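The next block holds one structure in the form of structure tokens; read it before the comments.
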């Protein structure tokens, strides 16, 4: 409880300003509503001061203040009751009206200054179905014949369609074209011991003499290595002819074979055009290695989705297994290297006349010079 001396001291804390008399009449701490985060400092309302006298008030206002003071003195004499605050004089009412008007003005200013925040954009979901980095099952609208024209993130996932796991609605046909200059730029001959060719031997990538019982692990094979880069310049995906459940797993190379033969390599005699050596390249990883500007990769071997998108390249470096022709039994001379993609036409294409590359090869027994690579039918 507050002693009469403290109450009297509280009443003496008065001051005047602009013809008004102010006094502190609060009996305790006042509740402060929580302030909105980020609000300016003007919104913070300080503790209001009570106006007990105003020079512009009518004479009745001091009389009411005197009656309130007399009633307060009478109540202060009755102990141990706590003194009650006097009824608010007219000046107090004017102070409340002023604060209420101040709050309404601030509320109006907040309404005017409130920035309209646009609603958040809808979250774009990743519609990929097991592929990285793009969805192999996307499709475009029915009026656009270019299937791979849009990015995967600009189109929703199409509805499911039956098939060999290739739920695609597309127009046109693929068209594979090998790159002759890529072969000519990086072809070379290499001698490799048999103990490094065990996995290739399991996939029949060597000549028939390599499978003789007299061949030892330390025997060497002479290999004509060359890279290959195939581009799909058609308007549809080039997909394996086998359904996914029919792919063959090779544990040595740790990959699936989705086609019997994706590429076929032959070495022909330059005069008689008879085949002197051959090799083959099973489709162990048919994927979008790179793409032209404006096209996007959508097939990756790591996601078990093999194929070649329009405008994209499938590149095989010269140092990988089976990317060669075994020329151990070939004599030095002039030959023709023939590289064919989709050799048995197992996958329909719009044009088969550009699937073969021919190169002139001059073999010395230790070196090979490749020149004149060009497309042929």
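Residue numbers (UniProt numbering): 1 to 377. The beta-carbon is built from N, C-alpha and C at its ideal position, and this holds for glycine as well. Nothing here was measured: the structure is a model prediction, and the numbers come from that model.
With DSSP as the reference, label residue i as helix, strand or coil.
i	result
residue 280	strand
residue 297	coil
residue 379	No information on residue 379 is available, as it lies outside the stretch 1 to 377 that the chain covers here.
residue 44	Residue confidence for residue 44 is low, a pLDDT of 48 falling below 50, so the modelled location carries little weight; the figure read from the coordinates is stated next. Coil at residue 44, not helix or strand.
residue 123	Note that residue 123 scores a pLDDT of 47, beneath 50, so its modelled location is shaky and nothing firm can be said.
Throw me the rounded Cβ distance for the residue i and residue j pair, which I believe falls under 8 Å.
i	j	result
residue 231	residue 181	Going by Cβ atoms, the distance from residue 231 to residue 181 rounds to 12 Å, so no, they are not a contact pair.
residue 186	residue 326	No, residue 186 and residue 326 are not in contact; Cβ-Cβ is about 18 Å, not under 8 Å.
residue 308	residue 288	6 Å
residue 301	residue 285	4 Å
residue 176	residue 355	6 Å
residue 370	residue 228	Actually they do not touch by this definition, with Cβ atoms about 13 Å apart.
residue 295	residue 310	7 Å
residue 236	residue 178	Going by Cβ atoms, the distance from residue 236 to residue 178 rounds to 18 Å, so no, they are not a contact pair.
If you follow the beta strand (DSSP E) that residue i is part of, which residue opens it and which one closes it?
i	result
residue 372	368–376
residue 14	14–17
residue 268	263–269
residue 352	Residue 352 -> no beta strand (DSSP E), and no H or E assigned at all.
Per the contact definition of three or more C-beta pairs closer than 8 Å, is the segment 261–269 in contact with the segment 332–352?
yes
Return the chain-ordered ranges of every beta strand (DSSP E) run that is complete within the segment 175–260 and spans a minimum of 3 residues.
176–178, 188–193, 220–225, 228–232, 248–250 and 255–257
Could you name each continuous beta strand (DSSP E) segment of 3 residues or more that falls completely within the segment 301–337, going from the start of the chain to the end?
312–316 and 324–326
Is there contact between the segment 206–222 and the segment 189–198, where contact requires at least three CB pairs shorter than 8 Å?
yes
Taking 8 Å as the threshold, find out whether the segment 358–374 comes into contact with the segment 327–334 through three or more Cβ pairs.
yes
Quick check: the segment 317–330 against the segment 194–207, are at least 3 beta-carbon pairs closer than 8 Å?
yes
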